[in-house]
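Quick notes on the structure that follows.
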Amino acid sequence: MDPYGERKRVLLVQITLVIKQGCSPRPRPMMNLRQSAGRVIAVTALPEEGTHALDLLDQAEKVKADIRRMQQEVAQRKVDQLAKEDAAIDKWIQDLLFATPSSRNASSNTQLLKTVDQVAQALEDGRYSFEQVNKIFRKLSQNVRKKRINQGLEEQPLLQLLVEACGKMDCLDRNENSNKRWNGRVERALRRKVMALEWGIDLEDEPDG
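If you count the sequence shown from 1, you need to add 17 to reach this note's numbering.
Written out as structure tokens, the structure reads:
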């Protein structure tokens with residue numbers, strides 16, 4: 018059950034009650050026929066009406082503040098979720114495409130790429146799905162779009178490595194492939210995206226590869 022949805026429902030009920038209270042006719046004070054008593058009643062009744070209106074306004078402001086706070090919390094949750102997912106994709110790219118540096122080269126800033134066979138094996142061992150691969154592809158292609166690079170796949174080593182490794186995975190017999198999440202049609206989908214990328218077209222994600 019979504020706690021934010023439940024809180025929103027409660028707040029909507031509160032708003033409805035405030036509106037109903039504000040719209041409901043309040044009993045008018047009975048005026049005494051005698052002038053002196055009438056003055057007393059009128060003087061004491063007006064502050065009571067004003068207090069009721071101020072109470073309603075105060076309740077409405079509190080409800081609006083709660084709604085704003087809830088909206089901010091939901092927005093922040095979305096930001097945190099996107100940041101968490103982005104960090105996960107960066108880790109997939111690092112684990113999948115880049116070789117672990119040896120102790121001799123640990124201090125070097127140069128990162129070596131894995132071979133196509135190594136990436137294909139990582140795809141199988143890590144049980145990567147098409148959805149994960151597609152997210153990796155989109156992250157890698159973001160730099161291409163930002164730089165407006167109009168180059169072929171051979172000029173994009175990370176994309177080329179990913180696509181070719183997916184092709185090797187597609188060629189595996191399903192009985193021989195231990196990654197049962199692999200649907201065997203990933204390379205075809207990625208090559209369509211590469212072609213669209215070269216023409217500056219952003220294809221929508223394909224749900225099933």
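Backbone N, C-alpha and C fix where the C-beta goes; we use that ideal spot for every residue, glycine too.
Legend entry - Short Cβ contact (8 Å threshold) for Val180 with Leu157: Contact flag unset, no.
Legend entry - Three-state class that DSSP yields for Leu140 in the structure shown: helix
Legend entry - Cβ neighbour criterion (16 or more within 10 Å) applied to Cys188: exposed
Inset, instruction - Report all residues from its chain with a CB closer than 8 Å to the CB of Asp222; omit the five preceding and five following residues, and keep chain order. - result: The pLDDT assigned to Asp222 is 49, lower than 50, so where the model puts this residue is not dependable, and the model offers no usable value.
Legend entry - Endpoints, alpha helix (DSSP H) assigned at Ala182: 174 to 188
Legend entry - Straight-line gap, Leu114 to Lys131 (C-alpha atoms, nearest Å): 6 Å
Legend entry - Unbroken alpha helix (DSSP H) run spanning Leu214, endpoints: 203 to 215
Inset, instruction - Would you be able to state if there are at least three C-beta pairs under 8 Å between the region 140 to 150 and the region 80 to 95? - result: No, the region 80 to 95 is not in contact with the region 140 to 150.
Legend entry - As assigned by DSSP and simplified to three states, the class of Leu129: coil
Legend entry - Length of the line joining the Cα atoms of Asn194 and Asp112: Take the alpha-carbon of Asn194 and the one of Asp112: they are about 20 Å apart.
Legend entry - Contact check, Ala182 vs Leu129, beta carbons under 8 Å: Note that the C-beta distance between Ala182 and Leu129 is not below 8 Å.
Legend entry - Spatial neighbours of Gly184 in its chain, beta-carbon cut-off 7 Å, leaving aside the 5 residues before and after: Glu204
Legend entry - For Asp219, the three-state DSSP class (helix, strand or coil): coil
Legend entry - Cα-Cα separation between Leu214 and Asp142, rounded to whole angstroms: 29 Å
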